[in-house]
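Take any residue in the sequence shown, note its place counting from 1, add 12, and you have its number in the numbering used here. Read the structure below first, then the notes.
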Amino acid sequence: MVTPAKMAAAASLDSDSCVAQSNEANSKWLDAHYDPVADIHTFSACLALADLHGDGEYKLVVGDLGPGERQPRLKVLKGPTVLTESPLPALPAAAATFIMEQHEPRTPALALASGPCVYVYKNLRPYFKFSLPQLPPNPVEQDLWNQAKEDQIDPLTLKEMLEGIREKAEVPLSVQSLRFLQLDLSEMEAFVNQHKSKSIKRQTVITTMTTLKKNLADDDAVSCLVLGTENKEILVLDPEAFTILTKMSLPGVPVFLEVSGQFDVEFRLAAACRNGSVYILRRDSKRPKYCIELSAQPVGLVRVHKILVVGSTQQSLQGFTYKGKKLWTVQLPAAILTMNLLEQHSRGLQAVMAGLANGEVHIYRDKALLNVIHTPDMVTSLCFGRYGREDDTLIMTTKGGGLIIKILKRTAVFVEGTGEVGPPPAQATKLDVPRKTRLYVDQTLREREAGTAMHRAFQTDLYLLRLRAARAYVQALESSLSPMSATDREPLKLHAVVPLLVPGLSYPLETFVESLSSKGISDMIKVLVLREGHSAPLLSVHISMPVSEGLVAA
Numbered sequence: 013m014v015t016p017a018k019m020a021a022a023a024s025l026d027s028d029s030c031v032a033q034s035n036e037a038n039s040k041w042l043d044a045h046y047d048p049v050a051d052i053h054t055f056s057a058c059l060a061l062a063d064l065h066g067d068g069e070y071k072l073v074v075g076d077l078g079p080g081e082r083q084p085r086l087k088v089l090k091g092p093t094v095l096t097e098s099p100l101p102a103l104p105a106a107a108a109t110f111i112m113e114q115h116e117p118r119t120p121a122l123a124l125a126s127g128p129c130v131y132v133y134k135n136l137r138p139y140f141k142f143s144l145p146q147l148p149p150n151p152v153e154q155d156l157w158n159q160a161k162e163d164q165i166d167p168l169t170l171k172e173m174l175e176g177i178r179e180k181a182e183v184p185l186s187v188q189s190l191r192f193l194q195l196d197l198s199e200m201e202a203f204v205n206q207h208k209s210k211s212i213k214r215q216t217v218i219t220t221m222t223t224l225k226k227n228l229a230d231d232d233a234v235s236c237l238v239l240g241t242e243n244k245e246i247l248v249l250d251p252e253a254f255t256i257l258t259k260m261s262l263p264g265v266p267v268f269l270e271v272s273g274q275f276d277v278e279f280r281l282a283a284a285c286r287n288g289s290v291y292i293l294r295r296d297s298k299r300p301k302y303c304i305e306l307s308a309q310p311v312g313l314v315r316v317h318k319i320l321v322v323g324s325t326q327q328s329l330q331g332f333t334y335k336g337k338k339l340w341t342v343q344l345p346a347a348i349l350t351m352n353l354l355e356q357h358s359r360g361l362q363a364v365m366a367g368l369a370n371g372e373v374h375i376y377r378d379k380a381l382l383n384v385i386h387t388p389d390m391v392t393s394l395c396f397g398r399y400g401r402e403d404d405t406l407i408m409t410t411k412g413g414g415l416i417i418k419i420l421k422r423t424a425v426f427v428e429g430t431g432e433v434g435p436p437p438a439q440a441t442k443l444d445v446p447r448k449t450r451l452y453v454d455q456t457l458r459e460r461e462a463g464t465a466m467h468r469a470f471q472t473d474l475y476l477l478r479l480r481a482a483r484a485y486v487q488a489l490e491s492s493l494s495p496m497s498a499t500d501r502e503p504l505k506l507h508a509v510v511p512l513l514v515p516g517l518s519y520p521l522e523t524f525v526e527s528l529s530s531k532g533i534s535d536m537i538k539v540l541v542l543r544e545g546h547s548a549p550l551l552s553v554h555i556s557m558p559v560s561e562g563l564v565a566a
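Structure representation (C-alpha cells):
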C-alpha cells in the first residue's frame with residue numbers, strides 16, 4: 013500500500029534529482045572524477061601537467077607534503093590512479109616541467125625543488141641534482157667553534173655566546189649551532205666532541221621556482237629554471253649545464269614568482285615577498301626596478317597578459333601593471349587559500365582561479381566574475397591544462413586529501429559581467445572634458461617652468477599674512493579693541509544695535525547719545541566697558557551712528 017508519506021518522499025527524491033540534473037546541465041563543467049580519500053596533500057606550486065613520455069598522454073606531477081610523520085613523496089598520476097611514487101628527502105617547495113635540450117624528441121623534464129636542491133627527472137628517472145652554493149658562515153661563530161675544538165671554552169660558555177650571536181648578528185647561525193642550542197645541558201658535551209672537528213656550513217633553501225624561456229617563445233622551446241631562495245636572492249639556471257646564469261638580490265624573501273619574456277632577449281620578473289611587497293626586475297637589473305607595497309601579506313601571484321593579479325590576506329584580488337600602478341580591486345566573500353592561472357587556448361581566454369575558505373572556486377577575468385564552482389571541501393591547490401587527452405581540465409585537491417577532476421565543456425563560453433563585483437560600469441565612463449585653450453597651455457607651461465619660484469612666493473605671502481593677523485590680534489588685546497573680553501574672570505561680549513533715531517521717541521538705553529554737529533552727518537562713537545575701580549577697559553566697540561532725521565528735516 014502506498015501511503016501519502018511515501019508518495020511525498022518519492023516526490024522529494026525526484027525533485028532533488030531533477031535539480032541536480034538541471035544544475036549539471038547549466039554548469040560549464042563535467043564532473044570527471046572525485047575521490048575524497050585520494051590522500052594527496054599539496055598546494056598549487058607543487059602541481060604540474062606534462063607529457064613526460066612523449067606519447068601524447070599528459071600526466072599529473074604532485075609534490076606530496078606527506079602530512080603528519082609521513083615522508084614527503086613525488087607522485088605521478090595518470091587519470092585518477094597513481095602511476096609512480098618515490099620518496100623525497102625534504103618537503104617540496106615547487107614543481108615545474110621544462111624543455112632542457114634541443115634534440116628530438118623534445119620530451120619535457122621534471123624539476124622538483126626540495127630543501128636546498130633541485131631534483132631533475134627525465135622519463136621519470138633521476139637525471140641531475142643541483143644544490144645551492146653554500147653561504148659564508150658567521151666569523152664570530154667560526155671562531156667560537158675553533159676555540160671549542162681546542163678546548164679553550166666549555167659547552168655552557170659556548171651556548172651563551174651563540175645565543176648572543178643569534179639575537180644580534182645580521183648573519184644567521186648555521187644548522188650545527190642551531191641544533192646545539194636546542195640540546196639539554198647533559199647532551200651538550202657529547203655534541204661538541206662529535207662536531208667540533210667538522211667545518212661549519214651555512215646552507216639556504218629554495219622557497220619558490222618557475223621557468224623562463226631561453227631564447228624563443230615557442231611552447232617546445234628550451235627553458236631556464238628560476239629559483240627564489242631564503243637568503244633573498246633569485247637565481248637563473250642554465251638548462252643544460254645547470255650553472256648560475258645570473259643572480260639578483262631582493263629586499264625580502266620571495267614566495268611567489270611570475271616571469272615573462274626570454275632570457276637572451278628581454279624578460280620581466282615579478283616576485284611577491286614575505287615583507288608584503290611585490291618587486292619587479294628586468295633583464296639588466298640586479299636589484300628591483302619597481303616596488304608594489306601591499307597593505308597585507310600576499311597569498312598568490314598570477315600574471316594575466318600584462319597585468320599582475322595579487323591575492324592578499326584581506327580577502328581581495330588586486331590588479332597592477334608592471335610599473336606598479338594599481339588598476340582595480342575585487343573583494344571576495346572568504347579568505348583566499350590558493351590561486352592559479354586558467355588559460356583556454358582554443359578561445360584565447362586567460363583568467364584567475366581563486367580557491368576560497370568557504371568551499372568555492374571563483375574565476376575572474378580582470379574584476380569580472382566569470383564562474384563559481386562549489387566543492388565539497390576547501391580547495392588547497394588548483395591546476396588547469398591538458399590532462400590525459402583532454403585540453404581543458406581542472407584539477408583540484410582538497411584540505412582533507414581529496415582529488416577533484418573537472419572537464420570544461422567544449423560549448424562552454426564565459427560571459428563577462430555575470431555576477432560582477434566592484435564599482436558600477438558608469439564609473440568607467442569618460443567625462444566630457446572641454447578642450448584645452450591656448451591660455452591654459454601657456455599657464456601650464458609657466459607653472460611647469462617656474463613651479464619652484466611660484467611655490468616660494470606663495471609660502472612667503474602666506475607667512476606674511478599669518479604674521480599680520482597675529483600682530484593685529486595682539487594689538488586688539490592690548491588696547492581692548494575687541495568686542496569680547498580677553499580675561500576669563502569677566503567673560504563679556506558686547507553686541508550693540510542702534511536703530512534710526514526718530515525725534516519725539518525715547519529709547520531704553522543706558523547711555524544717551526547726542527549729536528553735537530548741526531550738519532546732520534553720521535559718525536562713529538566708541539563704547540568702553542570698565543570694571544569698577546579699574547582704568548583699563550574690559551572691552552570696547554565702535555558703533556556707527558545713523559543720521560538724525562530731525563536735523564535732516566530742519
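All residues carry an ideal CB built from backbone N, CA and C; glycine is no exception. These numbers were taken from a predicted model, which means no experiment stands behind them.
Cβ neighbour criterion (16 or more within 10 Å) applied to Ala105: Walking along the sequence shown from the start, residue 105 turns up at place 93. Answer is buried; the Cβ neighbour count reaches 16.
Judging by CA-CA distance, which residue of Arg118, Cys395 and Ser189 is the nearest neighbour of Val74? The count along the sequence shown starts at 1 and reaches residue 74 at position 62. Closest option to Val74, Cα to Cα, is Cys395.
In three-state terms, what does DSSP make of Ala125? For the purposes of this step, residue 125 is taken as residue 113 along the sequence shown, with counting starting at 1. Residue state, collapsed to three classes: strand.
Endpoints, alpha helix (DSSP H) assigned at Phe470: Here residue 470 refers to the residue found at position 458 when the sequence shown is read from its first residue. From DSSP, the alpha helix (DSSP H) with Phe470 extends over Gly463 to Glu490.
Which of the three DSSP states, helix, strand or coil, is assigned to Tyr452? If you number the sequence shown from 1, residue 452 lands on position 440. Residue state, collapsed to three classes: helix.
Alpha-carbon to alpha-carbon, Leu193 and Asp185: Looking up residue 185 in the sequence shown gives position 173. Looking up residue 193 in the sequence shown gives position 181. Sequence check: residue 185 is Leu here, not Asp. Spanning the two alpha carbons is a distance of roughly 10 angstroms.
Test item: CB-CB of Ala107 and Ala50 under 8 angstroms: Taking the first residue of the sequence shown as 1, we reach residue 107 at position 95. Taking the first residue of the sequence shown as 1, we reach residue 50 at position 38. Between Ala107 and Ala50, the CB-CB gap reaches or exceeds 8 angstroms.
Is DSSP giving Lys141 helix, strand or coil here? Counting from one through the sequence shown, the residue named residue 141 turns up at place 129. Correct three-state label for Lys141: strand.
Is Glu432 helix, strand or coil when you go by DSSP? In the sequence shown, counting from the first residue as 1, residue 432 sits at position 420. Residue placement at Glu432 is flagged as unreliable, the pLDDT there being 45, under the threshold of 50; a coordinate-derived value is accordingly withheld.
Kindly indicate which three-state DSSP category Gly176 falls into: helix, strand or coil? One-based indexing of the sequence shown puts residue 176 at position 164. Assigned with DSSP and collapsed to three states, Gly176 falls in helix.
Unbroken beta strand (DSSP E) run spanning Met351, endpoints: For the purposes of this step, residue 351 is taken as residue 339 along the sequence shown, with counting starting at 1. Here the beta strand (DSSP E) through Met351 covers Ile348 to Gln356.
Under a Cβ-count criterion, where at least 16 other Cβ atoms within 10 Å of its own Cβ denotes burial, should Cys58 be classed as buried or exposed? The residue you call residue 58 lines up with position 46 of the sequence shown. Burial call: buried.
Enclosing beta strand (DSSP E) for Pro104 [first to last residue]: Mapped onto the sequence shown, residue 104 falls at position 92. From DSSP, the beta strand (DSSP E) with Pro104 extends over Pro104 to Phe110.
Could you work out which residue in Ile533, Leu415 and Gln455 is closest to His45 when comparing CA atoms only? Within the sequence shown, numbered from 1, the residue matching residue 45 stands at position 33. Nearest C-alpha to His45: Leu415.
With a threshold of 6 angstroms on Cβ separation, who are the neighbours of Glu305 within its own chain once the five nearest residues in sequence on each side are excluded? What you label residue 305 is simply residue 293 of the sequence shown in a count that begins at 1. Here Glu305 has Ser289 as same chain residues with Cβ atoms under 6 angstroms from its own Cβ, once five neighbours each way along the sequence are excluded.
Going by C-alpha distance, which of Pro149, Glu113, Ser328 and Asp535 is nearest Ile555? As a first step, residue 555 must be located in the sequence shown, where it is residue number 543. Comparing Cα positions, the closest option is Asp535.
Exposed or buried, which one is Cys303 when buried takes at least 16 other CB atoms within 10 Å? Position 291 of the sequence shown, counting from 1, holds the residue named residue 303. Exposed.
Cβ distance (whole Å) where Leu174 is taken to contact Ser189 below 8 angstroms: Counted from its first residue, the sequence shown places residue 174 at position 162. Counted from its first residue, the sequence shown places residue 189 at position 177. With 8 angstroms as the limit, Leu174 and Ser189 qualify as a contact, their Cβ atoms being about 5 angstroms apart.
Where do the N-terminal and C-terminal ends of the alpha helix (DSSP H) with Arg191 fall, by residue? Counting from one through the sequence shown, the residue named residue 191 turns up at place 179. For Arg191, the enclosing alpha helix (DSSP H) stretches over residues Val187 to Leu193.
In chain order, what residues of the same chain have a beta carbon less than 6 angstroms from the beta carbon of Ser547, not counting five sequence neighbours either side? For the purposes of this step, residue 547 is taken as the residue at position 535 of the sequence shown. Taken in chain order, the list of residues that qualify is empty.
Should Pro558 go down as buried or exposed, given a rule of 16 or more other Cβ atoms within 10 Å for buried? To locate residue 558, count along the sequence shown from 1; it is residue 546. Answer is exposed; the Cβ neighbour count stays below 16.
Range covered by the alpha helix (DSSP H) that runs through Val204: Residue mapping note: residue 204 aligns to position 192 of the sequence shown, counting from 1. Note, Val204: alpha helix (DSSP H), Leu197 to His207.
Contact between the stretch 153-161 and the stretch 112-123 is defined here as three or more beta-carbon pairs at a separation below 8 angstroms; is this criterion met? The stretch 153-161 and the stretch 112-123 do not touch, with fewer than 3 CB-CB distances between them shorter than 8 angstroms.
Which same chain residues end up closer than 8 angstroms to Glu432 when comparing Cβ atoms and leaving out the 5 residues on each side of it in sequence? Within the sequence shown, residue 432 is the residue found at index 420, counting from 1. Because the pLDDT at Glu432 is just 45, under 50, the model does not fix this residue reliably, and the value given afterwards should be weighed accordingly. In chain order, Lys379, Ala380 and Leu381 place their CB closer than 8 angstroms to the CB of Glu432, counting only its own chain and leaving out the 5 sequence neighbours on each side.
Quick one: what's got a C-beta closer than 7 angstroms to Gly273's C-beta in the same chain, skipping five residues either side? Position 261 of the sequence shown holds residue 273. Answer for Gly273: Phe279 and Arg280, listed in chain order.
Cβ separation of Leu237 and Thr223, assumed to be a contact under 8 angstroms, to the nearest whole Å: Within the sequence shown, numbered from 1, the residue matching residue 237 stands at position 225. Within the sequence shown, numbered from 1, the residue matching residue 223 stands at position 211. 6 angstroms between Cβ atoms; contact.
Does DSSP put Leu64 in a helix, a strand or coil? Here the question's residue 64 lines up with position 52 in the sequence shown. If DSSP states are grouped into helix, strand and coil, Leu64 belongs with coil.
Buried or exposed by the 16-neighbour rule on C-beta atoms within 10 Å, applied to Thr430: As a first step, residue 430 must be located in the sequence shown, where it is residue number 418. Confidence is the limiting factor: at Thr430 the pLDDT is only 47, short of 50, which leaves the residue's position unreliable, though a coordinate-based value still follows. Around the CB of Thr430, fewer than 16 other CB atoms lie within 10 Å, so the residue is classed as exposed.
Using the Cα positions of Leu349 and Lys226, report the straight-line distance between them to the nearest angstrom. Counted from its first residue, the sequence shown places residue 349 at position 337. Counted from its first residue, the sequence shown places residue 226 at position 214. C-alpha separation (whole angstroms): 32 angstroms.
Beta-carbon contacts of Asn352 that lie in its chain and below 7 angstroms, excluding the five residues immediately before and after: The residue given as residue 352 occupies position 340 in the sequence shown. If we look at Asn352 and ignore the five residues flanking it on each side, its Cβ neighbours are Ser56, Val314, Met365, Leu394, Cys395 and Phe396.
Among the residues of its own chain, which have a CB less than 6 angstroms from the CB of Gly371, if the five just before and after it don't count? In the sequence shown, counting from the first residue as 1, residue 371 sits at position 359. Cβ neighbours of Gly371 beyond the five flanking positions: Thr387 and Met390.
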